[in-house]
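**Q** My numbering applies: residue 602 is where the sequence shown begins, and numbers increase by one. Beta carbons: idealized from backbone N, C-alpha and C, even for Gly.
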Amino acid sequence: MTGPWPPADGAGDGGVWRQIFNFENYGDLLALVHNSLLAGALLGLVGGLAGVFVIMRDLPFAVHGISELSFAGASAALLLGVNIVAGSIVGSLLAAAAIGVLGVRARDRNSIIGILMPFGLGLGVLFLSLYKGRAANKFGILTGQIIAVDTPQMAWLLGTSVVVLAALVFLWRPLTFASVDPEVAEARGLPVRTLSLAFMLVLGLAVALCVQIVGALLVLALLVTPAAAAARVTASPVLLPVLSVAFALVAMEGGILLALGSTIPISPYVTTISFFIYLGCRLACGRRAAPGDPARARLDRVGAAGPH
C-alpha cells in the first residue's frame, strides 16, 4: 500500500471486516442481550405504529427536533447521576409540548423545531462535556447501545411502551380521520387541535424510547423509514401499520443481532437495514405502478399527505 497513511491494524487479514462482522463466540454473546432483544421488539412495535402517523401528518422533522431535546435530557440525567430513561422522557415531552402548542401551522411548527434543535443539541453537548465518567456512556446516548439495557432500564422501557401503545389504540380512529382530512374532521366535531397535541406527547414518549437503543441522532430510521417504506406499497388502513411494524422489527432485531458480532454501534446496522427495506419497497412500487396510475396516487396521498 502506498501513500502517507499506514494500513490499519489487521487490515491485511480482514481487520476492518472483522470489526463490522465478527461472529466468534456469538452464542455466548447472544445470552447477554436478551433484554436488548426484548427492548428491540418493543421499540419496533412502538416505532412502527407511531411512524404511521408521523408520515401521515408530515412530522419527520418534528421527530428529529424532539430527539435533540431527548438527547439533552438524557445527557443531563447522566451528568446528575439519575435515571437516563427518565431524563430522556422529560426532554422529549418538553419538546413535544412546545411543538404541539406553539406550532399549530406547518410554518410555525418548522420554525419552532428549527429553534429547539440547536438549543437541545447545545445543551446536550454542554452536559456531556461536563460529565467525567466513561466515554462509552456519552457515545451511547448519540449512537445507541445494545448490551447496556439492564433490568431497571427495561422496566422503564416496558412501562413507557405500554403507555404509548395504549394511547395509540385509544387515539387511532379519530387521529387517522384528523390526519387524513382535518377540515372535515373538525367540521364533524372532532377536537383536531387536542388530538394533535395528544399525538405530539405520545410521539415524545416514542422518541424517548427509541433514543435508548438507536441513539438520539438516528431515531428517524425507526420512527420514519419503516412507515415510509410501508406507505410505498400499500394504502390499506390495516396493512399499512402491520407492514410498518414488521419493517421496524426487522430493522431493530436485525441491527441488534448484527451489531452483537462487531465492535460497531448498533445504529449503522439499524439505519442500513431500514434504508434497504425502503429502497426495496420503492423499487417494487415503481415497477408495479406507473407515476400516473391512480393506485400510485393513493399511495402518495397516504404516504406523504397531511395537514399543512
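Excluding the 5 residues flanking Leu910 on each side, which residues of the same chain have their C-beta closer than 8 angstroms to its C-beta?
**A** With the chain represented from 602 up to 909, any question about residue 910 goes unanswered, as that position is not in the structure.
**Q** With a floor of 3 residues, list each beta strand (DSSP E) that falls wholly inside the region 683-731, ordered by position along the chain.
**A** Qualifying beta strand (DSSP E) stretches: none in this window.
**Q** Exposed or buried, which one is Ile700 when buried takes at least 16 other CB atoms within 10 Å?
**A** Along the sequence shown, read from residue 1 onward, the residue named residue 700 stands at position 99. Ile700 comes out buried.
**Q** If you draw a straight line from the C-alpha of Ile714 to the C-alpha of Val846, how long is it?
**A** As a working mapping, residue 714 is identified with position 113 in the sequence shown. As a working mapping, residue 846 is identified with position 245 in the sequence shown. Straight-line Cα distance between these residues: approximately 26 angstroms.
**Q** Please report the distance separating the alpha-carbon of Ser712 from that of Val764.
**A** What you label residue 712 is simply residue 111 of the sequence shown in a count that begins at 1. What you label residue 764 is simply residue 163 of the sequence shown in a count that begins at 1. Using only the alpha carbons, I get a separation of about 29 angstroms.
**Q** Can you look up Thr835 in the DSSP assignment and give me helix, strand or coil?
**A** Position 234 of the sequence shown, counted from the start, is the residue given in the question as residue 835. Three-state DSSP puts Thr835 in coil, outside helix and strand.
**Q** Grab me the residues of Ile857's own chain with a C-beta within less than 7 angstroms of its C-beta, minus the 5 sequence neighbours each way, in chain order.
**A** The residue given as residue 857 occupies position 256 in the sequence shown. For Ile857, where only same-chain residues beyond five positions count, the Cβ hits under 7 angstroms are Val634, Ser637, Leu638, Gly641, Ile747 and Ile867.
**Q** Distance, Cα to Cα, Leu920 vs Val839?
**A** The question about residue 920 has no answer here: the residues shown for the chain are numbered 602 through 909.
**Q** Compare the Cα-Cα distances from Ile716 to each of Ala817, Leu766, Leu758 and Leu670 and report the closest residue.
**A** Here residue 716 corresponds to residue number 115 of the sequence shown, with the count starting at 1. For the residues Ala817, Leu766, Leu758 and Leu670, the minimum Cα distance to Ile716 belongs to Leu670.
**Q** Just mark Arg774 as buried or exposed, buried being the case when its beta carbon has 16 or more other beta carbons within 10 Å.
**A** Indexing the sequence shown from 1 puts residue 774 at position 173. By the neighbour-count rule (16 or more Cβ atoms within 10 Å), Arg774 is not buried but exposed.
**Q** Between the C-alpha atoms of Tyr879 and Leu650, what's the straight-line distance to the nearest angstrom?
**A** Position 278 of the sequence shown holds residue 879. Position 49 of the sequence shown holds residue 650. Going by the C-alpha atoms only, they are around 16 angstroms apart.
**Q** Going by C-alpha distance, which of Glu625, Val655, Leu646 and Ala632 is nearest Ala779?
**A** Position 178 of the sequence shown, counting from 1, holds the residue named residue 779. Minimum Cα distance to Ala779 is reached at Val655.
**Q** Can you check whether the CB of Gly648 is closer than 7 angstroms to the CB of Leu823?
**A** Residue mapping note: residue 823 aligns to position 222 of the sequence shown, counting from 1. Residue mapping note: residue 648 aligns to position 47 of the sequence shown, counting from 1. Contact flag set, yes.
**Q** According to DSSP, simplified to helix, strand and coil, what is Gly645?
**A** Taking the sequence shown and counting its residues from 1, the one referred to as residue 645 is at position 44. Note: Gly645 maps to helix in three-state DSSP.
**Q** Is the Cβ-Cβ distance between Leu724 and Ala673 less than 7 angstroms?
**A** Counting from one through the sequence shown, the residue named residue 724 turns up at place 123. Counting from one through the sequence shown, the residue named residue 673 turns up at place 72. Yes; because the gap between Cβ atoms is below 7 angstroms, this pair is in contact.
**Q** So is the beta-carbon of Tyr732 under 6 angstroms away from any non-hydrogen atom of the ligand FMN?
**A** Among the ligands in the structure shown, none appear at all, so the ligand FMN cannot be discussed.
**Q** Just the Cα atoms here: how many angstroms apart are Leu804 and Ala697?
**A** Indexing the sequence shown from 1 puts residue 804 at position 203. Indexing the sequence shown from 1 puts residue 697 at position 96. So the alpha carbons of these two residues sit roughly 7 angstroms apart.
**Q** Mark Leu841 as exposed unless 16 or more other C-beta atoms lie within 10 angstroms of its C-beta, in which case mark it buried.
**A** In the sequence shown, the residue the question calls residue 841 occupies position 240. Per the 10 Å Cβ criterion, buried.
**Q** Quick one: what's got a C-beta closer than 8 angstroms to Leu643's C-beta in the same chain, skipping five residues either side?
**A** Locating residue 643 in the sequence shown gives position 42, where the first residue counts as 1. Around Leu643: Leu758, Leu759, Ser762 and Leu810.
**Q** Considering only C-alpha positions, which residue in the set Ile874, Leu818 and Pro783 is nearest to His665?
**A** Looking up residue 665 in the sequence shown gives position 64. Of the candidates Ile874, Leu818 and Pro783, the one whose C-alpha sits nearest the C-alpha of His665 is Leu818.
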